[in-house]
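Going down the list, the sequences are from chains G and R.
Residue numbers for the first sequence follow the numbering used here, so the first one is 1237 and each next one is one higher.
Residue numbers for the second sequence follow the numbering used here, so the first one is 1237 and each next one is one higher.
Heads up, the thing below is written out as structure tokens.
2 protein chains.
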Amino acid sequence: MPTTVWLEVQSPSGPTNFLNGLKATDVTSLPKFVHINEEGPREGFQFEKGIIPTARKIELIDALSKTGLRHIQIVSFVNPKLVPGMADAEQVVEGITLQPGVAYAGLWLNDKGFERALATRRLHIRGSISLNASEKFLKLNQNRTPERQLAGQRAIAEMYRQKGIEIERGGIAAAFGCNFEGDVPVQRVLGLVQQLLDIAGEQGASLKRISLADTMAWATPLSIKRLVGAVQDRFAGHHLSLHLHDTRGMGLANAYAGLEMGVSYFDSSVAGLGGCPFAGHTGAAGNVCTEDLVFMCDEMGIETGVDLEALIACARLAEDVVGHPLPGSVMKGGSLRRLREKLAAVA
Amino acid sequence: MPTTVWLEVQSPSGPTNFLNGLKATDVTSLPKFVHINEEGPREGFQFEKGIIPTARKIELIDALSKTGLRHIQIVSFVNPKLVPGMADAEQVVEGITLQPGVAYAGLWLNDKGFERALATRRLHIRGSISLNASEKFLKLNQNRTPERQLAGQRAIAEMYRQKGIEIERGGIAAAFGCNFEGDVPVQRVLGLVQQLLDIAGEQGASLKRISLADTMAWATPLSIKRLVGAVQDRFAGHHLSLHLHDTRGMGLANAYAGLEMGVSYFDSSVAGLGGCPFAGHTGAAGNVCTEDLVFMCDEMGIETGVDLEALIACARLAEDVVGHPLPGSVMKGGSLRRLREKLAAVA
């Protein structure tokens, strides 16, 4: 049954009285600052077919760490037989020049990977637990039941507590749909988020962020709003983050929908590097592109702390490092700030 | 000074109570039906460097006309010396198989082009007048003043009346910004729309649609909402249409912002064909991609009347016709409907 809600909307002042009431809400609900978690190096290098020289990985990471990005996920500690592109994870971590104020992170899927990350002594180690919302994906790709998945994450949470590692983030993979299962119901995701909060709670932790991942690019702006709204309603007080893929071209539209819902944490990849090698796509595009996202934020008055021109240079470097074109748009079309500066210089 | 507005928001019923008030407005303001004006053949063939054989142009247009698209702009009648790719405009129009219910349109910029279009006797002839919002672009590219531009459009409107052609559409080019001038103020666009309405009015016509074109990809979702809202406020009763370019990756996010404002007319290009050859871009991406737009609408429950799978086949044909990859995403990532059907067949 529809319910009626009364809202007080502040119509922003401005040079034009452009708002017809309903739309004022969109404008005023945009966040003032967006936190970007750069995942290009990890997602990208893992996804590329050829082996990329360690020195070139380090070159890109070092360049990224000078753009103003504060969180960069640089490697994953996974089985080198399964993911040969990440066999040099330790060398990459060892080789980078640590930039003050930048948190360099790694990804691990089990205790062995976690121990490897810990042993580098150079990474920003925070606990993360996650559940995949697709039962078919669990079964077909990992031969696991939801119960076993849950037990596995419980064991990881227990491990974090024993090591004194803060459990910061809870993630739901395939939160919007899955190529092996189809649409994922909102109620299932809500149940899984509750399970993550329970697992963290059992270890005396409370999750700072809940991450919703559109792992296989099933989301649209409308389903972003639906799921984000549902999670915000039920789990108020937790920040949400979005992990978006651009496989069906919805990446930035979905990010915008998230911004309108007040989401202020996004994972993204410079130049649009990456893509899930296990998702069964023929034309898997990567994550939503960092510099395109930063451009959108910049132009809408949302701060990111990132220097767009420096990031565009990194995107071009990323293309050079992987040796083929990458999907990012702004690195090809150019920023508007740069154009405005040129026009001002001429005038 | 900010003003306070009280809104009554209907929270739609649904399987989940996902809405937290503010966001209900977004969902409920989406249009039920979106009218797509396919411009791929005209924008694309004009933009491509090599000459595309006439038969292949016809092949793509004939395929597009069987997808459910109701408006297809297929050629432009311009100076063949300046745009050699359109020298065969008459042959293309002559060669296509007219599909009932499909309006095939052409573009012209002056009376000579208009006479050529009329002479084909196969096109859907409607009058359109337009003004470019960038005074610098007018000066540098066309050596015209705003006054001369206005006089030119007035003459065209007069010509339409004399020929008994309905003036259906008024367009503003570079409505969001220009590479030669920078940002375009909302007030200037409002003034130009008024001029278009006046010109039409002088001929006893009233414009059915006002088209706002982001000719050089300066728009963001926020500026779309601002300008669309301003035009809606000042010129209620006229449908708006959006012509969007994807040069900086904002195409679909901008389309979504338009949808949220209730815009239900969009120009787009199959596979993302096209781009303005005079816009001074180094990496000019084309128009927003038709099948990606249709996918977004489909998945959000907005009807377009277009068969997405047939359109995806056209996008792949377009790549074959131009002989290189095109930017569309869904033709690579695949539709979700197709995936759902496969999953249902297995289950």
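For glycine and all other residues, C-beta sits at the position ideal for the given N, C-alpha and C.
9 Å Cβ cut-off: residues of chain R touching residue i
{"i": "D1528/G", "result": "R1484, G1485, M1486"}
Residue-chain proximity (residue i, chain R), Cβ-Cβ < 8 Å
{"i": "G1541/G", "result": "no"}
{"i": "M1395/G", "result": "no"}
{"i": "F1283/G", "result": "no"}
{"i": "G1569/G", "result": "yes"}
{"i": "V1566/G", "result": "yes"}
{"i": "R1292/G", "result": "no"}
{"i": "D1262/G", "result": "With a pLDDT of only 46 at D1262/G, under the threshold of 50, the placement of this residue in the model should not be trusted; the figure read from the coordinates follows. Cβ-Cβ to chain R under 8 Å: yes for D1262/G."}
Rounded Cβ spacing between residue i and residue j (contact assumed at less than 8 Å)
{"i": "G1587/R", "j": "E1284/R", "result": "In the structure as shown, chain R begins at 1237 and stops at 1583. Residue 1587/R is therefore absent and cannot be evaluated."}
{"i": "E1279/G", "j": "S1565/G", "result": "That belief does not hold up - the Cβ atoms of E1279/G and S1565/G are roughly 18 Å apart, past 8 Å."}
{"i": "I1401/G", "j": "L1367/G", "result": "About 19 Å; that fails the 8 Å criterion."}
{"i": "F1313/R", "j": "A1353/R", "result": "5 Å"}
{"i": "L1214/R", "j": "L1463/R", "result": "Outside the shown range of chain R, which is 1237 to 1583, sits residue 1214/R, and nothing can be said about it."}
{"i": "R1362/R", "j": "R1405/R", "result": "7 Å"}
{"i": "G1418/G", "j": "P1267/G", "result": "The pair is not a contact, with the Cβ atoms about 32 Å apart (cut-off 8 Å)."}
{"i": "A1341/R", "j": "I1392/R", "result": "The Cβ separation is near 16 Å, so there is no contact."}
{"i": "M1486/R", "j": "T1456/G", "result": "So it is not a contact: roughly 16 Å between Cβ atoms."}
Any C-beta of chain G under 8 Å from that of residue i
{"i": "T1456/R", "result": "yes"}
{"i": "T1252/R", "result": "Caution applies to T1252/R, whose pLDDT of 28 falls short of 50 and renders its modelled position unreliable; the value that the coordinates give is listed next. So yes, T1252/R belongs to the interface."}
{"i": "G1321/R", "result": "no"}
{"i": "V1328/R", "result": "no"}
{"i": "L1255/R", "result": "Confidence in L1255/R is poor, its pLDDT being 36 and thus under 50, which makes the residue's placement too unreliable to answer from."}
{"i": "L1374/R", "result": "no"}
{"i": "L1353/R", "result": "The displayed chain sequence assigns Ala, not Leu, to residue 1353/R. Not an interface residue."}
{"i": "A1453/R", "result": "yes"}
{"i": "G1418/R", "result": "yes"}
{"i": "L1572/R", "result": "yes"}
Residue i burial status per 10 Å Cβ neighbour count (16 or more: buried)
{"i": "D1347/G", "result": "exposed"}
{"i": "Q1423/R", "result": "exposed"}
{"i": "G1559/G", "result": "exposed"}
{"i": "A1369/G", "result": "buried"}
{"i": "F1269/R", "result": "exposed"}
{"i": "V1582/R", "result": "exposed"}
{"i": "E1394/G", "result": "exposed"}
{"i": "Q1468/G", "result": "buried"}
{"i": "L1318/G", "result": "exposed"}
{"i": "R1576/R", "result": "exposed"}
{"i": "A1489/G", "result": "buried"}
{"i": "T1381/G", "result": "exposed"}
{"i": "R1484/R", "result": "buried"}
{"i": "I1403/G", "result": "buried"}
{"i": "L1334/G", "result": "exposed"}
{"i": "L1376/G", "result": "exposed"}
{"i": "D1556/R", "result": "exposed"}
{"i": "E1216/G", "result": "Any question about residue 1216/G goes unanswered here, given that chain G covers just 1237 to 1583."}
Within chain G, the residues that residue i reaches when beta carbons sit closer than 8 Å
{"i": "N1415/R", "result": "L1575"}
{"i": "Y1492/R", "result": "P1457, A1489, Y1492, A1493"}
{"i": "E1535/R", "result": "T1456, L1458, S1459"}
Residues that residue i contacts on chain G, provided the C-beta gap is smaller than 9 Å
{"i": "F1531/R", "result": "T1456, R1484, G1485, M1486"}
Neighbouring residues, chain G, relative to residue i (Cβ below 7 Å)
{"i": "C1525/R", "result": "G1485"}
Partner residues on chain R for residue i, Cβ-Cβ distance less than 8 Å
{"i": "L1579/G", "result": "F1416, E1417, G1418"}
Interface flag, residue i vs chain B, CB-CB below 8 Å
{"i": "N1490/R", "result": "Among the protein chains in the structure shown, which are G and R, there is no chain B."}
Open item on the list: Restricting to runs no shorter than 4 residues, where is the alpha helix (DSSP H) found entirely within the region 1307 to 1353 of chain R?
Closed with: As far as the region 1307 to 1353 of chain R is concerned, its whole alpha helix (DSSP H) runs of at least 4 residues are 1325 to 1331.
Open item on the list: As an exercise, report each continuous beta strand (DSSP E) stretch of at least 3 residues that is fully enclosed by the region 1418 to 1470 of chain R, in chain order.
Closed with: List check, beta strand (DSSP E) in window: 1445 to 1450.
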